[in-house]
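K.L.:
Can you read through this structure? Questions will come right after.
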Amino acid sequence: MTDKYAVIGNPIAHSKSPQIHRMFAEQAGQDISYEAILAPPDGFASVVERLRKEGYKGCNVTVPFKQNAYQLSNQKQYLSYDVVHAHAANTLVFKSDGVHLHNTDGIGLIRDIQDNLGVLLRGKRVLLMGAGGAARGVLSPLRDAGANITVANRTVDKAIILAERFVVSSCSYEELAGKQFDVVINATSSGLSGEMPPLPPGIFAPGAFAYDMMYGRETPFMAFARAHGAAAVSDGLGMLVEQAAESFFIWRGVRPETRPVIAALRLS
Ligand code: ATR
Numbered sequence: 045m046t047d048k049y050a051v052i053g054n055p056i057a058h059s060k061s062p063q064i065h066r067m068f069a070e071q072a073g074q075d076i077s078y079e080a081i082l083a084p085p086d087g088f089a090s091v092v093e094r095l096r097k098e099g100y101k102g103c104n105v106t107v108p109f110k111q112n113a114y115q116l117s118n119q120k121q122y123l124s125y126d127v128v129h130a131h132a133a134n135t136l137v138f139k140s141d142g143v144h145l146h147n148t149d150g151i152g153l154i155r156d157i158q159d160n161l162g163v164l165l166r167g168k169r170v171l172l173m174g175a176g177g178a179a180r181g182v183l184s185p186l187r188d189a190g191a192n193i194t195v196a197n198r199t200v201d202k203a204i205i206l207a208e209r210f211v212v213s214s215c216s217y218e219e220l221a222g223k224q225f226d227v228v229i230n231a232t233s234s235g236l237s238g239e240m241p242p243l244p245p246g247i248f249a250p251g252a253f254a255y256d257m258m259y260g261r262e263t264p265f266m267a268f269a270r271a272h273g274a275a276a277v278s279d280g281l282g283m284l285v286e287q288a289a290e291s292f293f294i295w296r297g298v299r300p301e302t303r304p305v306i307a308a309l310r311l312s
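Residue numbering for the sequence shown follows my numbering, starting at 45 and increasing by one per position.
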């Protein structure tokens, strides 16, 4: 019998997750279905309830519901280490004893940067821009990878709160003047509106690497990094595929090959 999975979000029409999971399933010779489901802003919990009743095995959760997933209160939950730290979940497993929650975004980012792009994080000066859900989801895996992290945010109080919780440094964009970093990661949503955080031009250390967690187009941050001395620049497509691979592993017990999937998505 086909095992059913889905991704829940709003908007969801342009999600690449169904395509990615179909490629994984084909690779692994597994019989699964995976659909994209649009939930109304206040309708996340009822969609989850419906999927459980209909026998789905699990689902992914994307914008804006990752925090709602953490707060699902009407059913018994089991939280993974990453969910507890991020206060957000992107992977749900429906089991007979309740809903098991995971967050694979952080591991997805680390795998893309270290394994696919060959940038080792241990001991590196890493600037993480943003203090919203996207930044929170990756902070503890970044720290566990041995990076020396500074969080910068437009609303600096939010950076300070995160920095205290994750025991890393924080600052405003103005305070970055005169500082240099080996790795600069954009976890803000600024690219969505064609903007970028106000970075000083000398921010990239020699050989620096710039990573934007957005994908699908060249963001102003990526263009800025190319123009101001970053040695390598990447979008977040690899992170998307890697977080999906970790979800697939949690659900199916098989770790898919991600490189051919990333390559196929770059061509499509
Ligand atoms: P997400 O879940 O994608 O992280 P979010 O929680 O709304 O979304 O957070 C968006 C982040 O992008 C915030 O850190 C926000 O900065 P503020 O906390 O100061 O609002 C940041 N951001 C959005 N647009 C930005 C811009 N043009 N320049 C700098 N930071 C920006």
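Don't be surprised by glycine CBs; every beta carbon is placed ideally from N, CA and C. All values reported here derive from a predicted model rather than from experimental measurement.
My assumption, with CB atoms under 8 Å, is that V127 sits in contact with L145. Please give the rounded CB distance.
P.N.:
5 Å
K.L.:
What number of angstroms, rounded off, separates the C-alpha of I92 from the C-alpha of G73?
P.N.:
Just to set this straight, residue 92 is Val in the shown sequence, not Ile. Cα-Cα distance, rounded: 27 Å.
K.L.:
What's the gap between the Cα of V277 and the Cα of K139?
P.N.:
The alpha-carbon atoms of V277 and K139 are separated by roughly 40 Å.
K.L.:
When you measure from the CB of A231 to every non-hydrogen atom of the ligand ATR, does any distance come out below 7 Å?
P.N.:
Under cutoff, so the answer is yes.
K.L.:
Which same chain residues, not among the five before or five after A254, have their C-beta less than 6 Å away from its C-beta?
P.N.:
Closer than 6 Å at Cβ, skipping near neighbours: V228, A269, A274 and V277.
K.L.:
Can you tell me whether A254 sits near the ligand ATR, meaning its C-beta is under 7 Å from at least one heavy atom of the ligand?
P.N.:
No, the Cβ of A254 stays beyond 7 Å of every heavy atom of the ligand ATR.
K.L.:
Answer yes or no: the CB of R209 versus the heavy atoms of the ligand ATR, is any distance below 7 Å?
P.N.:
no
K.L.:
Is the CB-CB distance between F68 and F265 below 8 Å?
P.N.:
no
K.L.:
By the 10 Å Cβ neighbour count, where 16 or more other Cβ atoms means buried, how is R155 classified, buried or exposed?
P.N.:
buried
K.L.:
Under the three-state reduction of DSSP, which class applies to R310: helix, strand or coil?
P.N.:
helix
K.L.:
Could you name the residues of the same chain whose beta carbon sits closer than 7 Å to that of F88, not counting the 5 residues immediately before and after it, in chain order?
P.N.:
I52, F109 and N112
K.L.:
Below 7 Å, is the gap between the Cβ of S234 and the nearest heavy atom of the ligand ATR?
P.N.:
yes
K.L.:
Go ahead and pull the three-state DSSP assignment for Y122.
P.N.:
If DSSP states are grouped into helix, strand and coil, Y122 belongs with the strands.
K.L.:
Taking only three categories from DSSP, how would you classify V298?
P.N.:
coil
K.L.:
Just verifying my parser: in three-state terms, what is the DSSP assignment at R198?
P.N.:
coil
K.L.:
Quick one: what does DSSP say A191 is sitting in, helix, strand or coil?
P.N.:
coil
K.L.:
In chain order, which continuous runs of the beta strand (DSSP E) of length 3 or greater are located wholly inside the segment 107-173?
P.N.:
121-123, 135-139, 142-146 and 169-173
K.L.:
Can you tell me which of L220, S214, E301 and G152 puts its alpha carbon nearest to the alpha carbon of P314?
P.N.:
Since the displayed the chain opens at 45 and closes at 312, residue 314 lies outside it and no answer follows.
K.L.:
Is M45 buried or exposed, if buried means 16 or more other CB atoms sit within 10 Å of its CB?
P.N.:
exposed
K.L.:
Helix, strand or coil: which one does DSSP assign to V228?
P.N.:
strand
K.L.:
By Cβ distance, which residues of its chain are closer than 6 Å to G282, with the 5 residues on each side in sequence left out?
P.N.:
D156, N160 and I306
K.L.:
Reducing DSSP to helix, strand and coil, say where I56 ends up.
P.N.:
coil
K.L.:
Sort out for me which residues DSSP pairs G102 with in a bridge.
P.N.:
Y49 and V137
K.L.:
Quick test of the definition: if touching needs 3 or more C-beta pairs under 8 Å, does the segment 235-246 touch the segment 178-195?
P.N.:
no
K.L.:
Within 7 Å: the Cβ of A130 and any heavy atom of the ligand ATR?
P.N.:
no
K.L.:
Residue range of the alpha helix (DSSP H) that S90 falls in?
P.N.:
F88 to K97
K.L.:
Would you report the Cα separation of Q71 and P62, rounded to the nearest angstrom?
P.N.:
Using only the alpha carbons, I get a separation of about 14 Å.
K.L.:
What are the start and end residues of the beta strand (DSSP E) that includes A80?
P.N.:
I76 to L82
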